[in-house]
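Chemist:
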Amino acid sequence: MDDLSRWIEENKKLCQPRKEHAIRAVRHLSRTERQNLSSEEISYMRSAEGRWFEMIAYELFLDLANRTNAIKEVVLKGADVRGKKEIPALGQDGFFYSRNGDITIRGNGQDLAEFDLLLIKSDGSLVFVEVVTSPSDLKDFMQEIYYKKQMIRYMFNQKAVTFILITSFPLTNYKGGRKVLGSEEHLSICTQACETFRSHISGTWNQDLMKPVLPAGKTIRA
58 MDDLSRWIEE
68 NKKLCQPRKE
78 HAIRAVRHLS
88 RTERQNLSSE
98 EISYMRSAEG
108 RWFEMIAYEL
118 FLDLANRTNA
128 IKEVVLKGAD
138 VRGKKEIPAL
148 GQDGFFYSRN
158 GDITIRGNGQ
168 DLAEFDLLLI
178 KSDGSLVFVE
188 VVTSPSDLKD
198 FMQEIYYKKQ
208 MIRYMFNQKA
218 VTFILITSFP
228 LTNYKGGRKV
238 LGSEEHLSIC
248 TQACETFRSH
258 ISGTWNQDLM
268 KPVLPAGKTI
278 RA
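Residue numbers for the sequence shown follow the numbering used here, so the first one is 58 and each next one is one higher.
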């Protein structure tokens, strides 16, 4: 068990998203995504909810980076990505940003995969985080995780690749979830249901609460 795994295991309460994370996550959503969070069209609502929950996880890890040296840096994403975002072009290899600040990995200019969140541990190794809000998303999930781990191993010459899965439901209730937990390199954080986070952003609240809170000296561009 590495330092990050040990710290997460020993600080489970700190690793739970809170109201302030849910509110700050809204700043990363487009106007349409914000509207779709309350859409009666279930497909629109679920899509917006998934991205919002992804940004809640991002805000959580920005907070955690201030609390432990096990996280050296958090890779910026969403509204925190300033400046030019390079369009795909031949010869590009490594991590790049999409138009809305999502993190993608490219091989010779082709988008190969998208990563919900990236962290750098104290030893300089890369950690990737995926966020899932529906058990149906676990189908063939291990293939996706294996693929992403192989890309990191190959492109960054990294033997061990830590993976963190954040869900809004208990993983152990599902076969696909239990498979994810079968590796020592895999960590999981189960949060409250999305409906609980919705209650945090209902009604009116001070817009200042959406201002970014970045850990000093602990963020980096992809």
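For glycine and all other residues, C-beta sits at the position ideal for the given N, C-alpha and C.
Keep in mind it's a predicted model, so treat the numbers as computed, not measured.
Using a Cβ-Cβ cutoff of less than 8 Å, which residues in the same chain neighbour G166 once the five nearest sequence positions on both sides are dropped?
Modeler: So the qualifying residues of the chain are P145, A146, L147, G148, Q149.
Chemist: Give the single residue among D168, E77, L119 whose Cα lies nearest to the Cα of K275.
Modeler: Among D168, E77, L119, the Cα nearest to that of K275 is on L119.
Chemist: Ordered along the chain, which non-local residues of its own chain (more than five positions away) have a Cβ less than 6 Å from that of L133?
Modeler: Contacts found: T276, R278.
Chemist: First and last residue of the alpha helix (DSSP H) that includes H257?
Modeler: It spans 251 to 258 - the alpha helix (DSSP H) in which H257 sits, taken as one unbroken run.
Chemist: Leaving out the 5 sequence neighbours to the left and right, which residues in its chain are closer than 8 Å to R139 when beta-carbon positions are compared?
Modeler: Taken in chain order, the list of residues that qualify is empty.
Chemist: When burial is assigned at 16 or more other CB atoms within 10 Å of the CB, is P227 buried or exposed?
Modeler: The residue is exposed, with fewer than 16 neighbouring Cβ atoms inside 10 Å.
Chemist: Measuring CB to CB, does E116 end up less than 9 Å from E77?
Modeler: Against a cut-off of 9 Å, the Cβ pair of E77 and E116 comes out as a contact.
Chemist: In terms of residues, what are the limits of the beta strand (DSSP E) holding T89?
Modeler: Not the beta strand (DSSP E): T89 falls in the alpha helix (DSSP H), residues 88 to 93.
Chemist: Out of T190, A105, F220, state which residue places its alpha-carbon closest to the alpha-carbon of M58.
Modeler: Considering only alpha carbons, the answer is F220.
Chemist: Once you ignore the five residues that flank F110 on each side, which residues in its own chain have a CB closer than 7 Å to its CB?
Modeler: Cβ within range, chain order: V188, T190, S225, C251.
Chemist: Just to confirm the assignment, what range does the beta strand (DSSP E) spanning S245 have?
Modeler: Per DSSP, S245 belongs to the beta strand (DSSP E) from 243 to 247.
Chemist: Given 8 Å as the limit, is there contact between the stretch 240 to 251 and the stretch 72 to 88, that is, 3 or more CB pairs closer than that?
Modeler: These segments touch.
Chemist: Could you tell me which residues DSSP puts in a beta bridge with F226?
Modeler: Beta-bridge pairing links F226 to no other residue.
Chemist: Just verifying my parser: in three-state terms, what is the DSSP assignment at K129?
Modeler: If DSSP states are grouped into helix, strand and coil, K129 belongs with the strands.
Chemist: Mapping DSSP to helix, strand and coil, what is I277?
Modeler: In the structure shown, I277 sits in a strand (DSSP, three-state: E or B).
Chemist: Between the alpha carbons of V152 and V186, how many angstroms are there, rounded?
Modeler: The displayed chain sequence assigns Phe, not Val, to residue 152. C-alpha separation (whole angstroms): 15 Å.
Chemist: Output the boundary residues of the alpha helix (DSSP H) element that contains R81.
Modeler: Looking at the DSSP string, the run of the alpha helix (DSSP H) that includes R81 is 76 to 82.
Chemist: Which word fits A114, buried or exposed, when buried means at least 16 other C-beta atoms lie within 10 angstroms of its C-beta?
Modeler: Label assigned to A114: buried.
Chemist: Counting only the same chain and skipping the five closest in sequence on each side, list residues whose C-beta sits under 8 Å from that of K142.
Modeler: Answer for K142: F153, Y154, S155, R156, G158, listed in chain order.
Chemist: Cβ atoms of E242 and K206: under 9 Å apart, would you say?
Modeler: Cβ atoms of K206 and E242: closer than 9 Å.
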